[in-house]
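Visitor: This is the structure I want to talk about, given as structure tokens.
Number of protein chains: 2
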Amino acid sequence: MATMQDVARRANVAVSTVSYALSGARPVARATAERIRRVMEELDYQPNAMAQGLARRRAHTLAMSFPAFDTAMGETVFEIVRGAQAAAAELSYHLAVWPVSREGGGEELALIVRQGKADGVLLVEVAVEDPRVEALERAKVPFVLVGRTADPERHAYVDIDFEQAVADAVHALHDLGHKRIAFVGRPESQVASGYGPALRARAGYVQAMQSLRLRPATVSCDASPVAGRLLAAPLLQQEQRPTAVVVLNDMAVMGLVAGLDEMGLSVPEDISVVGAVSSRTLGAMTNPPLSTSHAPGEQMGAYAARALVRLLDDEIKPADCHRLVQCTPVPGRSIGPVPPTFPASSQRRGSHQ
Amino acid sequence: MATMQDVARRANVAVSTVSYALSGARPVARATAERIRRVMEELDYQPNAMAQGLARRRAHTLAMSFPAFDTAMGETVFEIVRGAQAAAAELSYHLAVWPVSREGGGEELALIVRQGKADGVLLVEVAVEDPRVEALERAKVPFVLVGRTADPERHAYVDIDFEQAVADAVHALHDLGHKRIAFVGRPESQVASGYGPALRARAGYVQAMQSLRLRPATVSCDASPVAGRLLAAPLLQQEQRPTAVVVLNDMAVMGLVAGLDEMGLSVPEDISVVGAVSSRTLGAMTNPPLSTSHAPGEQMGAYAARALVRLLDDEIKPADCHRLVQCTPVPGRSIGPVPPTFPASSQRRGSHQ
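Line by line, the protein sequences are chains A and B.
Residue 272 in the working numbering is what sits at position 272 of the first sequence, and the numbering runs on without skipping anything.
Each number in the working numbering comes from the position in the second sequence (counting from 1) with 353 added on.
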């Protein structure tokens, strides 16, 4: 059987170059890699991949844990994957996304690392109490959170400042004179399971309202256009009928705007609607375009991947990797001044023109 | 140093059970796995994972190649991931999603398999000429396509019958009296790169129109709400102004409907709009709800994962794994009869009431 030495000799390269070409541990010139590949085929060389792995002790792969394949996802998560993948590639690491659930997913990822398929883990969609975090800590697997647990300081993390993003939306509406500002959040199931963004965004809203001495009114909504659409009527039939709504639920907000239109209400003449922490292009889906804010997903993914590699290299400690990122406003035309009088919900579109 | 035998003895299980718990090759009762894990910690057992891998010669992992993290994705792709993950888990396989590009991605995946990180590959977002397919064939890596190349018969595949889905939409509109039926497809870049769905859907439209002796009119559109919105005006300013539009572009269709609304046109009174091969819930995002059709993504993912494991087990040949799935209609209220006269694009909403 051909050995790695045979391949190196025939391809006229160092043995280490063959090893790098196989492992991806370091970049190898395209033409050289191609020559090595051809020689391996000619000699029918079967790389002793596992033994190799043992020798270098690195899979040069970052595993991203991604429970969100369970539900529909916003574009931000793709930006995170894209940013992490690009940063990993720059450091000669692969990125693989593991669609494991929160329950049992940590154990599965620890196994994956123990099997040499990955070196460390990036955790996305983090819950305040996340069983994956405990499992990875127990297994001594290095990890970086894209999100935060209830007790984040000892972990490496990068997260969106949800509190601030929602508070900004509340203040923008208040500046226009709105006082009855409702909040439409994530699904009740996410609140109950302690999903960080669901809790932090709601907390940010309540805090902002209280600081303005306004009465908070929050409602959960399933992450689907249908649920958003069905919410339009009950939202407006409340005693304290809102003149503005802050929505932290990309899937629902589209349906909500469609539902308001169906009720004959005009945005923003009859009611202002503002999204938060959305994808950059979401706003263009509605008429008028939705005012929202955008999280720098690619930047977050890149930060997380680089931090993980530095943890693997023992260059830093988890407590040194903390970053909270701000959202940037995406202007639309869905917010305006308070309507002079509240229109009755039975009035048809155009009655104010 | 502790051996696997030491772990088995202390945990009071067979050595093979320890091996299964480590490899995930066969299911192990939760309590037993937990006991084994504890004993491994107590003994500070370092599994010779790579050597183990060599012995069993299976990573028990399916790699899914997923170039689409480049662009926004529809819900169908998540359904495919979900279906594949569930089917893989039933067969005691992990599923990892590799966000590699079409160019060079095949080589990267072949390397991953050679390194023992995966056993075979599921290819999503397949181009008619897909360099990943050539690379995997050359490397003799088993794979299943979710999609088809130009020459699909010798490969294992499951794909949506795009031609039929679009033809169904054209015929539904024709039955309502429409003759000027335009087609809004995928981005020009996808057409140029030979992305299967982009080409097949357009071909299905052209064929259906020709079979009805109608003149086809196709337009490409970037996969974004903004692009869809900007398309509304030029689409209606054509000489042969359409009375109906078939859209195979989930990201654009929302923007297109918003753009028509902005122009003062009512759907379906002034123009019918129908989507195709969409997610189940997309329709609720517009007012009126969009008529569309839904592809059975989970079923496709499950079929692909099961087929790949059977290929790995040498139970079947690639040419035995061919499946074309049909979409099911998702009724909405966005299609109606041909308007009696074509409204001028300057007319405002409500002028027909």
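Each residue gets a CB set at the ideal place from its N, CA and C atoms; glycine is no exception.
#1: If we require 3 or more residues per run, which beta strand (DSSP E) segments fall completely within the stretch 171–220 of chain A?
#2: Can you give me the C-alpha to C-alpha distance between alanine 86(A) and proline 296(A), rounded to a whole angstrom?
#3: Quick one: what does DSSP say serine 334(A) is sitting in, helix, strand or coil?
#4: Taking a contact to mean a Cβ-Cβ separation below 8 Å, would you say cysteine 680(B) touches isoleucine 534(B) in this structure?
#5: Along the stretch 650–662 of chain B, what residues have a CB closer than 9 Å to any CB found in chain A?
#6: Among residues of its own chain, excluding the 5 on either side of leucine 415(B), which ones have a beta-carbon nearer than 8 Å to its beta-carbon?
#7: According to DSSP, which residues form a beta bridge with arginine 676(B)?
#8: In the DSSP assignment, find the unbroken alpha helix (DSSP H) run with phenylalanine 431(B) in it and report its ends.
#9: Against chain B, with Cβ distances strictly below 8 Å, would methionine 254(A) count as a contact?
#10: Measure from the alpha carbon of glycine 459(B) to the alpha carbon of each residue in Ala520(B), Met562(B) and Val497(B), then state which is nearest.
#11: List the residues of chain A that histidine 447(B) touches, going by C-beta distances under 9 Å, in chain order.
#12: Assign methionine 616(B) to one of three DSSP states: helix, strand, or coil.
#13: Which residue wins for smallest C-alpha separation from arginine 676(B), given the options Val598(B), Arg383(B), Val511(B) and Asp614(B)?
#14: Please determine whether the Cβ atom of glycine 436(B) lies at a distance below 7 Å from any heavy atom of the ligand GTP.
#15: Please identify, using Cβ separations under 8 Å, the residues of the stretch 615–638 of chain B that lie next to chain A, in order along the chain.
#16: Would aspartate 528(B) be called buried (16 or more neighbouring beta carbons within 10 Å of its own) or exposed?
#17: Can you list, in chain order, the residues of the stretch 564–597 of chain B whose Cβ is nearer than 7 Å to any Cβ on chain A?
#18: Just curious, the beta strand (DSSP E) that cysteine 415(B) is in, first and last residue?
#19: Could you check the C-alpha separation between arginine 435(B) and tyrosine 656(B) for me, to the nearest Å?
#20: State the DSSP-derived secondary structure class of alanine 55(A), mapped to helix, strand or coil.
#21: I'd like to know whether the C-beta atoms of glycine 685(B) and glycine 636(B) end up nearer to each other than 8 Å.
#22: Alpha carbon to alpha carbon, how far is valine 368(B) from alanine 355(B)? Give it in angstroms, no decimals.
#23: So is threonine 3(A) in contact with chain B if we call contact Cβ pairs under 8 Å?
#24: Given alanine 408(B), which residues of its chain have a CB within under 7 Å of its CB, disregarding the five upstream and five downstream residues?
#25: Does chain A have any CB closer than 8 Å to the CB of valine 434(B)?
#26: Sort Ser454(B), Ala509(B), Gln468(B) and Ser577(B) by Cα distance to alanine 605(B) and report the nearest one.
#27: Along chain B, in chain order, which residues have C-beta atoms closer than 8 Å to that of leucine 22(A)?
#28: Would you decide whether proline 693(B) is buried or exposed? Buried here means 16 or more other CB atoms lie within 10 Å of its CB.
#29: If we cut at 8 Å on Cβ distances, does alanine 258(A) have a partner in chain B?
#30: Would you mind reading off the limits of the beta strand (DSSP E) that contains threonine 645(B)?
#31: List the residues of chain A that alanine 412(B) touches, going by C-beta distances under 8 Å, in chain order.
#32: Just the Cα atoms here: how many angstroms apart are aspartate 151(A) and arginine 58(A)?
#33: Using the C-alpha atoms, what's the distance from valine 499(B) back to glutamate 487(B)?
#34: Please report the straight-line C-alpha distance between proline 495(B) and leucine 664(B), rounded to a whole angstrom.
#35: Candidates Gln593(B), Leu601(B) and Val579(B): which alpha carbon is nearest alanine 556(B)'s?
#36: Would you list the one or two residues that DSSP bridges to alanine 135(A)?
Guide: Here's the rundown:
#1: For the stretch 171–220 of chain A, whole beta strand (DSSP E) runs of length 3 or above, ordered along the chain, are 181–184.
#2: 15 Å
#3: coil
#4: no
#5: none
#6: Excluding positions up to five away in sequence, the list reads Ala437, Ala441, Tyr446, His447, Leu448, Ala449, Ala471, Asp472, Gly473, Val474, Leu475, Ala658, Leu661 and Val662.
#7: Val511(B)
#8: Per DSSP, phenylalanine 431(B) belongs to the alpha helix (DSSP H) from 428–443.
#9: Methionine 254(A) counts as touching chain B.
#10: Val497(B)
#11: Trp98, Val100, Glu108, Leu111, Ile112 and Lys117
#12: Residue state, collapsed to three classes: coil.
#13: Residue Val511(B) is the option with its Cα nearest to arginine 676(B).
#14: For the structure depicted, the ligand GTP is absent and the ligand set is empty, with no information on it obtainable.
#15: Glu615, Ser632, Thr634, Leu635, Gly636, Ala637 and Met638
#16: exposed
#17: When CB distances to chain A are screened at a threshold of 7 Å, the residues of the stretch 564–597 of chain B falling below it are Ser577, Pro578, Val579 and Arg582, in chain order.
#18: Residue identity check: residue 415(B) is leucine in the sequence provided, not cysteine. Unbroken beta strand (DSSP E) run through leucine 415(B): 414–418.
#19: 12 Å
#20: Here alanine 55(A) scores only 39 on pLDDT, less than 50, and its place in the model should not be relied on; the value that follows carries that caveat. DSSP places alanine 55(A) in helix when its eight states are reduced to three.
#21: yes
#22: 13 Å
#23: Contacts with chain B at 8 Å (Cβ-Cβ) do not include threonine 3(A).
#24: Below a pLDDT of 50, predicted positions are generally treated as unreliable, and alanine 408(B), at 38, falls in that range; the measurement from the model is reported next regardless. Counting only Cβ-Cβ distances below 7 Å, and skipping sequence neighbours, we find nothing.
#25: yes
#26: Ser577(B)
#27: Leu464, Arg467 and Gln468
#28: exposed
#29: yes
#30: 645–647
#31: Residues of chain A passing the Cβ test: Gln115 and Lys117.
#32: 30 Å
#33: 16 Å
#34: If you take the alpha carbons of proline 495(B) and leucine 664(B), they lie about 7 Å apart.
#35: Leu601(B)
#36: According to DSSP, which records beta bridges pairwise, alanine 135(A) is partnered with nothing at all.
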